[in-house]
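> Each residue of the sequence shown is one higher than the one before, starting from 117 at the first, in our numbering.
A single structure is presented below for examination.
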Amino acid sequence: MNAIETEGLALPPLQGRVEAQAMLGALTWFRVGGPAEYLVKPADAGDLAQFLAALSEDVPLTVIGAASNLIIRDGGIKGVVIRLTRGFSTVAVEGDGIVCGAAALDATVSEHAAAAGLAGLEFLSGIPGSIGGAVAMNAGAYGSDIKACLDWVEIVTRQGEEMRLVAEDLHLSYRHSQLPPGAIVTRARLRATLGDPHLIAARMAEIRDSRTKTQPVRARTGGSTFANPPGQKAWELIDAAGCRGLTRGGAQVAELHCNFLLNTGGATAADLEGLGEEVRRRVMDATGVSLVWEIKRIGQALPRTEVVA
């Protein structure tokens, strides 16, 4: 492998693919966002490790997954953006668990578990995203989370070292894990138990039905916008502050579930983030509660003036 020559930066050798000025909006569920200076798709964990080991510490590094709970700002992302794709999407049944690549979709993992008669991972069918992101944020829904089922996780550090950590090393808490700074999740093992396939299928159908009825699953949206404050529900606070249906440019607070933001067709990242900040301000004024973003916002903003309606 030879070093990859680009106009502004000589990147380390890579077996995978590199694209300069790659537009990222189409990769996100919101369908907004500017370009990556360099979008890097490693072939596998070893390729990723070699690339990072040789990448200058001065080069900004960002990792994106399924981008289901992500707003990429309109000015794009400087430096290198890593996106794990096909080489990180394997899913395999292993005894009482599932070993899955970081790029495997949560719903796909739950389907493999169900097909093997393994219970305990049905909650993943209700989480839009991939396993790498689920581990990084201890994703959870429908009565369970990653903390309840994670055995171990494999990572590549910013320095290019491949490591395996047990779940306890991550100190998982509500929507949070303590991965080493800059670490990238590449694979994980999720623990399950033998169960009745009919009951597992029924639970997954119940989750899918609940999502369809209560969340705008067919819209350009992300996951829950704000984390639930202790003992409270974010959507109830947003509703109490009169934000249901609130708009800013092409962004809207969903009528069906007001802890979701929507791109109604022509939203920018600034519309979505600005609307979220307006919701936070109104909730604070009305209830005294400071909502914490659950959706990640990354990249550079462009100067723009929006009007809230």
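Where is the CB? At the ideal position from N, CA and C, for every residue including glycine.
With the cut-off set at 8 Å, would you say residue 302 and residue 270 are in Cβ contact?
For this step, residue 302 is matched to residue 186 along the sequence shown. For this step, residue 270 is matched to residue 154 along the sequence shown. A contact, by the Cβ cut-off of 8 Å.
> Where residue 118 and residue 387 are concerned, what is the direct C-alpha to C-alpha distance, given to the nearest angstrom?
Residue 118 sits at position 2 when you count from the first residue of the sequence shown. Residue 387 sits at position 271 when you count from the first residue of the sequence shown. Bear in mind that the predicted position of residue 118 carries a pLDDT of just 47, short of 50, making it too unreliable to give a figure here.
> Here's the rule: buried if 16 or more other CB atoms are within 10 angstroms of the residue's CB, otherwise exposed. What is residue 181?
Locating residue 181 in the sequence shown gives position 65, where the first residue counts as 1. Under this definition residue 181 is a buried residue.
> With residue 267 as the anchor, note down where its beta strand (DSSP E) starts and where it stops.
By one-based count along the sequence shown, residue 267 stands at place 151. From DSSP, the beta strand (DSSP E) with residue 267 extends over 266 to 272.
> Please report the distance separating the alpha-carbon of residue 155 from that of residue 239.
Position 39 of the sequence shown, counted from the start, is the residue given in the question as residue 155. Position 123 of the sequence shown, counted from the start, is the residue given in the question as residue 239. Using only the alpha carbons, I get a separation of about 31 Å.
> Which residues bound the alpha helix (DSSP H) around residue 227?
Against the sequence shown, residue 227 aligns to sequence position 111. Taken as a continuous stretch (DSSP letters only), the alpha helix (DSSP H) holding residue 227 covers 222 to 231.
> Give the DSSP bridge partners of residue 289, in chain order.
Within the sequence shown, residue 289 is the residue found at index 173, counting from 1. DSSP lists 292 as partners of residue 289.
> Measuring CB atoms only, is the segment 218 to 234 touching the segment 310 to 324, in the sense that at least three cross pairs come out at less than 8 Å?
At 8 Å Cβ cutoff, the stretches touch.
> For residue 215, does the count of other Cβ atoms within 10 angstroms reach 16, so buried, or fall short, so exposed?
Numbered from its first residue, the sequence shown carries residue 215 at position 99. Residue 215 should be labelled buried.
> Got a sec? Which residues, its chain only, sit under 6 Å from residue 241 by beta carbon, not counting five neighbours each side?
Here residue 241 is taken as the residue at index 125 of the sequence shown, counted from 1. Excluding residues within five positions, the ones whose Cβ falls inside 6 Å are 223, 226, 320 and 323.
> Distance, Cα to Cα, residue 371 vs residue 141?
As a working note, residue 371 is residue 255 in the sequence shown. As a working note, residue 141 is residue 25 in the sequence shown. Near 24 Å, if we compare the C-alpha coordinates of residue 141 and residue 371.
> With 16 other CB atoms within 10 Å as the buried threshold, where does residue 383 fall?
Mapped onto the sequence shown, residue 383 falls at position 267. Buried, by the Cβ-count rule.
> Quick one: Cα of residue 348 to Cα of residue 292, how far?
As a first step, residue 348 is located in the sequence shown; it is residue number 232 there, counting from the start. As a first step, residue 292 is located in the sequence shown; it is residue number 176 there, counting from the start. Spanning the two alpha carbons is a distance of roughly 18 Å.
> Select from 178, 131, 265 and 132 the residue whose C-alpha is nearest the C-alpha of residue 151.
Locating residue 151 in the sequence shown gives position 35, counting from the first residue. With distances taken between Cα atoms, residue 151 lies closest to 178.
> If you count every other CB in all the chains shown that lies within 10 Å of the CB of residue 282, and 16 or more means buried, which is it?
Here residue 282 refers to the residue found at position 166 of the sequence shown. So residue 282 counts as exposed.
> Report the start-end ranges of each beta strand (DSSP E) in the segment 289 to 375 that is 3 residues or longer and not cut off at the edges.
Correct list: 300 to 307 and 367 to 369.
> Kindly indicate which three-state DSSP category residue 248 falls into: helix, strand or coil?
Taking the sequence shown and counting its residues from 1, the one referred to as residue 248 is at position 132. Here residue 248 sits in helix by DSSP.
> Would you grab the beta carbon distance between residue 218 and residue 247 for me? Rounded to a whole angstrom, and I think it's under 8 Å.
Here residue 218 refers to the residue found at position 102 when the sequence shown is read from its first residue. Here residue 247 refers to the residue found at position 131 when the sequence shown is read from its first residue. 5 Å between Cβ atoms; contact.
> Round the Cβ separation of residue 311 and residue 235 to the nearest angstrom and send it over; I've been treating them as touching at under 8 Å.
One-based indexing of the sequence shown puts residue 311 at position 195. One-based indexing of the sequence shown puts residue 235 at position 119. With 8 Å as the limit, residue 311 and residue 235 qualify as a contact, their Cβ atoms being about 3 Å apart.
> Taking DSSP as the reference, what is the three-state secondary structure of residue 118?
Locating residue 118 in the sequence shown gives position 2, where the first residue counts as 1. Reliability of the predicted coordinates at residue 118 is poor, the pLDDT of 47 falling under 50, and no value is obtained from them.
> Taking 8 Å as the limit between beta carbons, can you name the residues of its chain near residue 138, skipping five residues before and five after?
The residue given as residue 138 occupies position 22 in the sequence shown. 151, 152, 154, 155 and 197, listed in sequence order.
> In terms of residue numbering, what span does the alpha helix (DSSP H) encompassing residue 403 cover?
Here residue 403 refers to the residue found at position 287 of the sequence shown. First-last of the alpha helix (DSSP H) with residue 403: 385 to 403.
> For residue 378, which residues of its own chain have a beta-carbon under 8 Å away from its beta-carbon, when the five flanking residues on both sides are left out?
Position 262 of the sequence shown, counted from the first residue, corresponds to residue 378. Excluding sequence neighbours, residue 378 sits near 332, 335, 336, 337, 367, 368, 369 and 370.
> Our contact map puts residue 403 next to residue 353 with C-beta atoms below 8 Å; I'd like the distance itself, whole angstroms only.
Residue 403 sits at position 287 when you count from the first residue of the sequence shown. Residue 353 sits at position 237 when you count from the first residue of the sequence shown. The pair is a contact, with the Cβ atoms about 5 Å apart (cut-off 8 Å).
> How far does the beta strand (DSSP E) with residue 218 in it reach, from first residue to last?
Counted from its first residue, the sequence shown places residue 218 at position 102. Segment: none, residue 218 is in no beta strand (DSSP E) and carries neither H nor E.
> According to the neighbour-count rule (16 or more other Cβ atoms, all chains shown, within 10 Å of its Cβ), is residue 395 buried or exposed?
By 1-based counting over the sequence shown, the position of residue 395 is 279. So residue 395 ends up on the buried side.
> Residues in the same chain with beta-carbon distance under 7 Å from residue 351, minus the five sequence neighbours each way, listed in chain order, please.
In the sequence shown, residue 351 corresponds to position 235, counting from 1. Here the set comprises 373, 374 and 375.
> What residue does the beta strand (DSSP E) around residue 155 start on, and which one ends it?
Start at 1 with the first residue of the sequence shown, and residue 155 comes out as number 39. Where residue 155 is concerned, the enclosing beta strand (DSSP E) stretches over 151 to 157.
> From residue 280 to residue 160, what does the alpha carbon distance come to, in whole angstroms?
Sequence index remark: in the sequence shown, residue 280 carries index 164 (1-based). Sequence index remark: in the sequence shown, residue 160 carries index 44 (1-based). Taking the straight line joining both Cα atoms gives about 16 Å.
> Nearest to residue 210 by CA position, among 232, 389 and 128, is which residue?
Taking the sequence shown and counting its residues from 1, one reaches residue 210 at position 94. For the residues 232, 389 and 128, the minimum Cα distance to residue 210 belongs to 232.
> What does the Cβ neighbour count give for residue 446, buried or exposed, with the cut at 16 atoms within 10 Å?
Since the first residue of the chain shown is 117 and the last is 425, residue 446 is not available in this structure.
> Mark residue 389 as exposed unless 16 or more other C-beta atoms lie within 10 angstroms of its C-beta, in which case mark it buried.
Against the sequence shown, residue 389 aligns to sequence position 273. It is buried - the Cβ of residue 389 has at least 16 other Cβ atoms within 10 Å.
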